[in-house]
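Student: Okay, handing you the structure first.
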Amino acid sequence: MKIAVLSGKGGTGKTLISVNLAAAAKDAIYIDCDVEEPNGYLFFKPVDVISKQVSIKIPFVSENLCSGCRECVEFCKFNALAYINNKLVVFDEVCHSCGGCVLFCPEKALQEKRKVIGEIQKGISEDVTIITGILNTGEASGVPIIKNLLHDSSLPLKSFTFIDCPPGSACIVMESIQDADYCILVAEPTVFGVHNLDMVYELVKLFDKPHGVVLNKCLEGKNPAERFSIERDIKVLGKIPFDNQLGMLNTNALIAARKDEKYKAFFVSLLDTVVKEVLQHATAINP
Amino acid sequence: MKIVLPVDDKNMETDVCISFGRTPYFLIFDTESKESTFLANHAANSQGGAGIKAAQAIVDQKVDALLAPRCGKNAAEVISAAEIKMYKTMNNSIMDNINAFNDGKLALLEDIHAGFHGVGGR
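Line order of the protein sequences matches chains A and B. So the first sequence is numbered by the UniProt record's numbering: it starts at 1 and just counts up by one. So the second sequence is numbered by the UniProt record's numbering: it starts at 1 and just counts up by one.
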């Protein structure tokens, strides 16, 4: 069962929820897809860590073979190539590594070279396998790292996979939720929180993913995110209070579901609710 | 001398466009003959790399100078590789800027921004 945790902005509690659900589930894989600033490993403190480099393919030109026909420049939908002063210029950051220019070059003047853009780290923390994607600073897109993270055939078979998504609703998040069975949207109890919730809500609807919301940092009184969820008939999976004790545990990089009985019970129950939702949806499709 | 400006429409009364890569038109102005030509910017709706494609089109027109309010890093790389000089426009008026350029009063465009990637819906 693959469960993605997402939110429209950073700091709403994606990592809190995905880390604690994975800890509560025990037989789980936790995948940190927030490759620009992964932080789940800070909580799990994985051991036996193995690293693997991730690279992409970028075209390079043999100038003596290039006839200046511009087939490649015309072909590239992302405009990663320009032909200036009788020289082909490649913009690595704009290139999406499709390889089309290499195929189209009639002079066979283009070849691909590998460019390392980041790495994947694999480790274990008790029963949980921890996978972390890291994009090198200054690289344009984390999508290739996420593809590697989610399609790693060497991953152990576990009952649950939790995908800690990057914030927002851009390409990188779409890549992260593509294969998810269920999406948990995390929301803050503010008007701004509603705006961010709406972004990811639109996204999961577009991807036709079953989804529910966890309301984080709940205070006494009005909760605009709860109201939004009720109005749109989005299942509220759970409410996490704006609690000093939880804040302290989290600030000290401790996993509440492992350190505190009350929160252990809370996340086990949240997991139970999510599992029921997933199964219910699965039977609704395949009765 | 041939100079180019990103402009909002196909007439001399329109404004200088704030964007280089996604401007709807380019005005190519010959400072000797005073002849003006408007060129549709086919890069405007690109998924990505609009600055690069627009710059390629400008380079192919063999202009000597670009007058623009700002320019992204990739476009600037293409333009400077072609040894086209970049000048910073002083206001929205096409003629004000052409006159200032002729009088040597425009400063070189030096604040090259990192780009607004994704603006075009990449």
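We put the beta carbon where it would ideally sit given N, CA and C, even for glycine.
How close, in whole Å, do the beta carbons of B/V78 and B/I52 come, if the pair is a contact with beta carbons under 8 angstroms?
Tutor: Against the second sequence, residue 78 of chain B aligns to sequence position 78. Against the second sequence, residue 52 of chain B aligns to sequence position 52. The Cβ separation is near 6 angstroms, so the contact holds.
Student: Enumerate in chain order the residues of its own chain whose CB-to-CB distance from A/G10 is below 6 angstroms, with the five nearest sequence positions on each side excluded.
Tutor: The sequence position of residue 10 of chain A within the first sequence is 10, counting from 1. Excluding positions up to five away in sequence, the list reads P167.
Student: Note the first and the last residue of the continuous beta strand (DSSP E) segment covering A/H211.
Tutor: In the first sequence, counting from the first residue as 1, residue 211 of chain A sits at position 211. Here the beta strand (DSSP E) through A/H211 covers H211 to C218.
Student: Cα separation between A/A170 and A/N86?
Tutor: Within the first sequence, numbered from 1, the residue matching residue 170 of chain A stands at position 170. Within the first sequence, numbered from 1, the residue matching residue 86 of chain A stands at position 86. Approximately 37 angstroms, taken between the alpha carbons.
Student: Please compile the residues from chain A whose C-beta is within a distance smaller than 9 angstroms of the C-beta of B/A40.
Tutor: Position 40 of the second sequence, counting from 1, holds the residue named residue 40 of chain B. Those within 9 angstroms of B/A40 in chain A number zero; the least Cβ separation is about 16 angstroms.
Student: Under the DSSP definition of a beta bridge, which residues are partnered with A/V194?
Tutor: Indexing the first sequence from 1 puts residue 194 of chain A at position 194. According to DSSP, A/V194 bridges with nothing at all.
Student: Should the segment 101-115 of chain A be called in touch with the segment 140-152 of chain A, which here means at least 3 C-beta pairs below 8 angstroms?
Tutor: Touching, no.
Student: What separation, rounded to the nearest whole angstrom, lies between the Cα atoms of B/A50 and B/L39?
Tutor: Taking the first residue of the second sequence as position 1, residue 50 of chain B is located at position 50. Taking the first residue of the second sequence as position 1, residue 39 of chain B is located at position 39. If I take the Cα positions, the gap works out to 15 angstroms.
Student: Where do the ends of the beta strand (DSSP E) carrying A/E119 lie?
Tutor: Residue numbering aside, residue 119 of chain A sits at position 119 when the first sequence is read from its first letter. Its beta strand (DSSP E) spans residues L110 to S125.
Student: On the DSSP letters alone, give me the boundaries of the beta strand (DSSP E) that A/L150 sits inside.
Tutor: Here residue 150 of chain A refers to the residue found at position 150 when the first sequence is read from its first residue. Premise fails: A/L150 lies in the alpha helix (DSSP H), V143 to L150, not in any beta strand (DSSP E).
Student: Name the chain A residues that come within less than 7 angstroms of B/K53, Cβ to Cβ?
Tutor: Residue 53 of chain B sits at position 53 when you count from the first residue of the second sequence. In chain order: N79.
Student: Pull up the distance between the alpha-carbon of A/I230 and that of A/L270, whole angstroms please.
Tutor: For the purposes of this step, residue 230 of chain A is taken as residue 230 along the first sequence, with counting starting at 1. For the purposes of this step, residue 270 of chain A is taken as residue 270 along the first sequence, with counting starting at 1. A/I230 and A/L270: Cα-Cα distance of roughly 18 angstroms.
Student: Assign B/E110 to buried or exposed, taking buried as 16 or more other Cβ atoms, counted over all protein chains shown, within 10 Å of its Cβ.
Tutor: Reading the second sequence from its first residue, position 110 is the one you call residue 110 of chain B. B/E110 should be labelled exposed.
Student: Name the chain B residues that come within less than 7 angstroms of A/I84, Cβ to Cβ?
Tutor: Working through the first sequence from its first residue, we reach residue 84 of chain A at position 84. The answer, in chain order, is V59, V78, A81 and A82.
Student: Check this for me: beta carbons of A/I146 and A/T132, under 8 angstroms apart or not?
Tutor: To locate residue 146 of chain A, count along the first sequence from 1; it is residue 146. To locate residue 132 of chain A, count along the first sequence from 1; it is residue 132. In this structure, A/T132 does not lie closer than 8 angstroms to A/I146 by Cβ.
Student: Taking B/G49 as the query, report the chain A residues whose CB atoms sit under 8 angstroms from its CB, ordered along the chain.
Tutor: For the purposes of this step, residue 49 of chain B is identified with residue 49 of the second sequence, where counting begins at 1. The contacting residues are C76, F78, N79, A80, F91 and V94.
Student: Do A/A180 and A/I3 have their beta-carbon atoms positioned less than 8 angstroms apart in this structure?
Tutor: Within the first sequence, residue 3 of chain A is the residue found at index 3, counting from 1. Within the first sequence, residue 180 of chain A is the residue found at index 180, counting from 1. Cβ atoms of A/I3 and A/A180: closer than 8 angstroms.
Student: Could you compute how far the alpha carbon of B/M12 sits from the alpha carbon of B/M95?
Tutor: Taking the second sequence and counting its residues from 1, the one referred to as residue 12 of chain B is at position 12. Taking the second sequence and counting its residues from 1, the one referred to as residue 95 of chain B is at position 95. Using only the alpha carbons, I get a separation of about 8 angstroms.
Student: Using alpha carbons as the reference points, say which of B/A107, B/P6, B/N99 and B/N91 lies closest to B/T37.
Tutor: To locate residue 37 of chain B, count along the second sequence from 1; it is residue 37. When each option's Cα is compared against that of B/T37, the closest is B/P6.
Student: So, A/L237 versus A/V214, is the Cβ gap smaller than 8 angstroms?
Tutor: Indexing the first sequence from 1 puts residue 237 of chain A at position 237. Indexing the first sequence from 1 puts residue 214 of chain A at position 214. Going by C-beta atoms, A/L237 is nearer than 8 angstroms to A/V214.
Student: Output needed for A/F78: all residues of its chain with C-beta closer than 6 angstroms, excluding positions within five of it in sequence on either side, in chain order.
Tutor: Sequence index remark: in the first sequence, residue 78 of chain A carries index 78 (1-based). Around A/F78: V94 and H96.
Student: With DSSP run on the structure shown, which of helix, strand or coil describes B/V63?
Tutor: As a working note, residue 63 of chain B is residue 63 in the second sequence. Note: B/V63 maps to coil in three-state DSSP.
Student: State the DSSP-derived secondary structure class of B/M86, mapped to helix, strand or coil.
Tutor: The sequence position of residue 86 of chain B within the second sequence is 86, counting from 1. Reduced to three states, the DSSP call for B/M86 is strand.
Student: Hey, does A/V200 have any beta-carbon neighbour from chain B nearer than 8 angstroms?
Tutor: For the purposes of this step, residue 200 of chain A is taken as the residue at position 200 of the first sequence. Judged by the 8 angstroms Cβ criterion, A/V200 is not in contact with chain B.
Student: Does DSSP classify B/T37 as helix, strand or coil?
Tutor: On the second sequence, position 37 is the one that residue 37 of chain B refers to. Three-state result, B/T37: strand.
Student: Step through the CB atoms of chain A and report whether any lies within less than 8 angstroms of the CB of B/S46.
Tutor: Within the second sequence, the letter at position 46 stands for residue 46 of chain B. Interface residue, yes.
Student: Here's the rule I'm using: 16 or more other beta-carbon atoms within 10 Å means buried, otherwise exposed. How should A/P106 be labelled?
Tutor: Here the question's residue 106 of chain A lines up with position 106 in the first sequence. By the neighbour-count rule (16 or more Cβ atoms within 10 Å), A/P106 is not buried but exposed.
Student: I want to verify the contact list: residues of chain A whose CB lies under 9 angstroms from the CB of B/A43, in sequence order.
Tutor: Working through the second sequence from its first residue, we reach residue 43 of chain B at position 43. Correct list: N79.
Student: Using 8 angstroms for Cβ pairs, my map puts B/M86 next to B/A76. What's the rounded Cβ distance?
Tutor: Indexing the second sequence from 1 puts residue 86 of chain B at position 86. Indexing the second sequence from 1 puts residue 76 of chain B at position 76. Indeed, because the Cβ distance is near 7 angstroms, the residues count as touching under 8 angstroms.
Student: Please name the residue in A/K239, A/D243, A/N286 and A/T283 whose C-alpha comes closest to that of A/F267.
Tutor: On the first sequence, position 267 is the one that residue 267 of chain A refers to. Nearest option by C-alpha distance: A/K239.
Student: For a test of the three-state rule: what should DSSP assign to A/C105, helix, strand or coil?
Tutor: Translated into positions along the first sequence, residue 105 of chain A becomes position 105. DSSP places A/C105 in coil when its eight states are reduced to three.
Student: Any beta-carbon of chain B closer than 8 angstroms to the one on A/V194?
Tutor: The count along the first sequence starts at 1 and reaches residue 194 of chain A at position 194. Closer than 8 angstroms: no.
Student: Please confirm whether A/I17 has its beta-carbon closer than 8 angstroms to some beta-carbon of chain B.
Tutor: The residue given as residue 17 of chain A occupies position 17 in the first sequence. No, because no Cβ of chain B sits closer than 8 angstroms to the Cβ of A/I17.
Student: Distance cutoff 8 angstroms, beta carbons only. Does A/V116 sit that close to anything in chain B?
Tutor: Translated into the one-based positions of the first sequence, residue 116 of chain A becomes position 116. Output row for A/V116: interface = no.
Student: Chain B beta carbons: is any one of them nearer than 8 angstroms to that of A/V73?
Tutor: What you label residue 73 of chain A is simply residue 73 of the first sequence in a count that begins at 1. So, interface residue.
Student: Based on Cα-Cα distance, which residue from B/A55, B/V63 and B/T23 lies nearest to B/M44?
Tutor: Your numbering for residue 44 of chain B matches position 44 in the second sequence. Rather than Met, the amino acid found at residue 44 of chain B in this sequence is Ala. The shortest C-alpha separation from B/A44 is found at B/T23.
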